[in-house]
Structure formats: structure tokens, C-alpha cells
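S.K.:
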Amino acid sequence: MSQLIINIQQLAGIREENNLLRGAALAELPSLHDAYILIEDGFIADYGHMYELSEKVPQLPKEVYDAFEQTILPAWCDSHTHIVFARSREEEFIDKIKGISYAEIAARGGGILNSARRLQEATDEELFNSAWKRLDELARLGTGAIEIKSGYGLTAGAELKMLRVIKKLKERSPLSIRSTFLGAHTFPQEYKEDHDGYIRLIIEQMLPVIAAEKLADYIDVFCENGFFSVSEMETIVNAGKALGLKPKLHVNQLNSIGGIQSGIRLGAVSMDHLETMTEEDVKDIAASKTIGTLLPSAAFFLRMPFQPARQLIDAGAAIALASDYNPGSSPSGNMNLVVAMSCIQMKMLPEEAINAATINGAFAMELEKETGSITIGKKANLIFTKQIPSIAYLPYAFGSNLIDKVMINGEFLH
Ligand code: NIG
Ligand code: FE
70 MSQLIINIQQ LAGIREENNL LRGAALAELP SLHDAYILIE DGFIADYGHM YELSEKVPQL
130 PKEVYDAFEQ TILPAWCDSH THIVFARSRE EEFIDKIKGI SYAEIAARGG GILNSARRLQ
190 EATDEELFNS AWKRLDELAR LGTGAIEIKS GYGLTAGAEL KMLRVIKKLK ERSPLSIRST
250 FLGAHTFPQE YKEDHDGYIR LIIEQMLPVI AAEKLADYID VFCENGFFSV SEMETIVNAG
310 KALGLKPKLH VNQLNSIGGI QSGIRLGAVS MDHLETMTEE DVKDIAASKT IGTLLPSAAF
370 FLRMPFQPAR QLIDAGAAIA LASDYNPGSS PSGNMNLVVA MSCIQMKMLP EEAINAATIN
430 GAFAMELEKE TGSITIGKKA NLIFTKQIPS IAYLPYAFGS NLIDKVMING EFLH
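With our numbering applied, the sequence shown covers 70 to 483.
Next up, the structure:
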């Protein structure tokens, strides 16, 4: 089926080839003004200026949509989330308002362990249904591709249950979904004094089943003081790599303990969070192939300093933006807000933020061949904005809902 969209005020994020953007290239958002886009069977088939239309598309398809001066950009690629969870944690939110820290809450069995207890009790169906609702909300907010992690199970049974829920989401959802095994999210209470025991459980009981059932694309570890050390991370990641899982890692949220340097050696696709970075860390990741994924809504929600986006970009790093949607540190998956926060609090230019949340996000999930830009042959995953004066208006008017419609695989969401 052919669909033609005409009279687009600005068609943003058009690219002929896929390049991971770093440094100065992040500020370039190639666009056409007064444009059309042609979609065939859910994929982008052509685009161009309105004045070229009669020549390039001589026979108009039956389905013509007049965008009436709307702006169109690629749907968001949210490369870091934890959207499978059993229950929200607003009571900890209140505790934090009263002055208790995230680390203190975690130390007394709240935080991740709190979510793990709830998840262990939840049925597959409950988990699937609540995650499905979240996915639906996120799609309406413009997200077309998403990575989802396990890590609230922390027993072999519950981790596998989570991953099977993610697999079912993959099978049923029109969104592009990547799955990450995060069994090493924290040590369960009974292994607090027996780290090797839990690591053995991950390597001997969880990983073989995950590989056999193809339940994950990536492996992740929360590498921080009080969680997994650098050497523990290396042991777990190497076991995952041996089974074909590439690393995408949680590092440098709370401490700088060498996670960056180790992640680079391990060949991580991305290293995520990066609130706490030394000059050395910035230099090292910038010189590496690993994408630095910034999660500003987690910094915002935990009242932490924002990630040093400017230093990273100026040093030549390839950075992506993601929501970290989870019940503890970022109970929002709104990528529009993530983009706005990056501009307001981290001084990213609107073009840099949009690129980091689309094409570079796609690279951070290795989905750049199918999504992340307006490119012939990629999926027609598109955000149609309301009428806006310019692309910078999106992060500028940060509290407004500026999305009129979202299209996934050529179909408008209703
Ligand atoms: O990415 N930092 C570790 N994991 C999550 C938060 C987990 C939680 O508090 O439930 C994060 O921020
Ligand atoms: Fe996270």
C-alpha cells in the first residue's frame, strides 16, 4: 500500500546514510522545508520538496494525507528502559522528599529489592499487561523503538519470567524492541555476603537458559560501589559475551570506579547514566567506539547533577539520550521531556538532542538499519507535531504536548 504525505512544513532528520554522530556532527539535523514523504508498505520509499512532487511521484496514490504545515521527525529511539515492573514506588519518592537518599533507601532493602519482591509475586500476565500499557503510552508520546531490561527478578525463575514477558512484548508490539539481561542489577539479600554465589547463579542457572531460548540481545551490569565491582562486572559480561550477548552497561551513576575504562575494554555497545564523570572518563569514552547514553530524567528525579553532555560532545563522544523509565529513578518514559531537559539543563542544542534521541539511540540498540532517521528503506516511524514555528520550539515549550500524531510502520496510532 502507498501513502503520500504532503505539505510538510519541515521534514527533519533526513539521511542518505547511517553514521553514528559524534562531536560537531551531532549539531547537524538535515531537513527539508515544504516537503512530501512517500511510504510503501510501512517503509519510507521517497521524500523530497513539494515542487518536485509532480515529477517524482507522477501518479498520486489513493491515500494522500495533507500535513497542513506540520513538522515531521523520526520517532524516538529510547535505548534504555526498565518498563517491566510490578508496582510503582511513590512511597520511596516521599521518603526522598523527606531527605532519605537513594543509596540509603537501597541499603535498607528498598529500591531495586523492593521491586524484586513485587515482581517475584506477579504473574506473567500481570507483568505483560502493565508493560503493554506503558508501551502504548510511550508510543503515543512518540517512541518507536525501545530497549527493555530485566533486573527486577533477581532469582533464576523471576529473571527468566521477566525476559519471557519482554519476548512476548517483542512478538506482539509494532514497536522495535531490544531485550537486555540485567540479572546483575543488585545482590539479593541472601547473597549480600556471598557475591560469588550470586554470580555463579547468573552464569550457571540464568545465562544458559537465556541463550538457549534467545531471551536477550544484550547483557547489562549495574557497576557501582555497593552493587557490582568492576571485576565482578567483567566476570559476568565475559560469560554473557561467550554466549553472544553484547554488553550495554550501567556505569558512573553514583561513583567513578573504573567502569568506563573496563566497559571500553569489554567492547560495550553503550555505557549508560554517566552522571559522575572525571575528566579522564570523558576523554576515554570520547576516544572509544562506545556510545555514552545520558539519562537526564534519572538525574532530575534523584536531584543529582546532570550528565556533562557539553564536555562529552566537545571531546568528540558519540552520545545518545534515553529515558531510563523505571519505578525507582525515572518513573517517566517521556522522551519529549528527556529532549527538553537535555537542552535546558545540559545545554545541548535542540538538533543535538533530537539526533541523540533518534539516530544515535538507534545505534545504541543496533537498530540503525531500520529506524532513527528519515531514510529510504527504513520503517515509517514518524512523529507528526502540531504546528510549531521551528524545531527548537519542541524543547523550548517543554511542558506542552506538541505531538499531533504518531505513525509506526506506516500506520497511525489511534
Ligand atoms: O537505571 N541504577 C540502577 N537501576 C535503575 C534504577 C532502579 C530502581 O531504582 O529501581 C536505573 O536508574
Ligand atoms: Fe537504568
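Just so it is clear, CB atoms sit at the ideal spot from N, CA and C, and this is done for glycine as well.
Between which two residues does the alpha helix (DSSP H) holding residue 247 run?
M.R.: That residue, residue 247, is in no alpha helix (DSSP H); its beta strand (DSSP E) goes 245-253.
S.K.: Per DSSP, what kind of secondary structure is residue 407 in: helix, strand or coil?
M.R.: DSSP places residue 407 in helix when its eight states are reduced to three.
S.K.: Among 189, 90, 183 and 148, which has the Cα closest to the Cα of residue 218?
M.R.: Comparing Cα-Cα distances from residue 218 to each of 189, 90, 183 and 148, the minimum goes to 148.
S.K.: Name, in chain order, the residues that DSSP records as bridge partners for residue 290.
M.R.: According to DSSP, residue 290 bridges with 253.
S.K.: If residue 405 and residue 449 are in contact, beta carbons under 8 Å, what's the gap, nearest whole angstrom?
M.R.: Contact doesn't hold; Cβ gap of about 20 Å is too wide.
S.K.: DSSP on residue 399, reduced to helix/strand/coil?
M.R.: The answer is strand: DSSP assigns residue 399 an E or B state.
S.K.: Verify the contact flag: residue 181, CB atom, against every heavy atom of the ligand NIG, threshold strictly below 7 Å.
M.R.: Within the cutoff, so yes.
S.K.: Decide if the stretch 434-445 is in contact with the stretch 118-128; the criterion is three or more beta carbon pairs, one per stretch, under 8 Å apart.
M.R.: In short, these stretches do not touch, since the Cβ pair count stays below three.
S.K.: Any idea if residue 434 is buried or exposed, counting beta-carbon neighbours within 10 angstroms, 16 or more meaning buried?
M.R.: Its Cβ being crowded by 16 or more others within 10 Å, residue 434 is buried.
S.K.: Distance check for residue 210 and residue 280, CA to CA, integer angstroms please.
M.R.: If you take the alpha carbons of residue 280 and residue 210, they lie about 33 Å apart.
S.K.: How close, in whole Å, do the beta carbons of residue 97 and residue 420 come, if the pair is a contact with beta carbons under 8 Å?
M.R.: Contact holds; Cβ gap of about 7 Å.
S.K.: Is the stretch 362-380 touching the stretch 400-419 in the sense that three or more CB pairs, one from each, lie closer than 8 Å?
M.R.: Segments in contact, yes.
S.K.: Out of 324, 357 and 348, state which residue places its alpha-carbon closest to the alpha-carbon of residue 337.
M.R.: Comparing Cα-Cα distances from residue 337 to each of 324, 357 and 348, the minimum goes to 357.
S.K.: Let's see if you can read the secondary structure: which residues bound the beta strand (DSSP E) around residue 199?
M.R.: Not the beta strand (DSSP E): residue 199 falls in the alpha helix (DSSP H), residues 193-209.
S.K.: So what does DSSP say about residue 264, is it helix, strand or coil?
M.R.: In the structure shown, residue 264 sits in a helix (DSSP, three-state: H, G or I).
S.K.: Between residue 204 and the rest of its own chain, which residues show a CB-CB distance below 8 Å, the 5 nearest in sequence each way excluded?
M.R.: 152, 215, 238, 242 and 244.
S.K.: Tell whether a beta-carbon distance below 8 Å holds between residue 155 and residue 207.
M.R.: No; because the gap between Cβ atoms is not below 8 Å, this pair is not in contact.
S.K.: Go ahead and label residue 221 buried or exposed: buried means 16 or more other beta carbons lie within 10 angstroms of its beta carbon, across all protein chains shown.
M.R.: So residue 221 ends up on the buried side.
S.K.: Tell me which same chain residues have a C-beta within less than 7 Å of the C-beta of residue 330, skipping the five on either side of it?
M.R.: Closer than 7 Å at Cβ, skipping near neighbours: 353.
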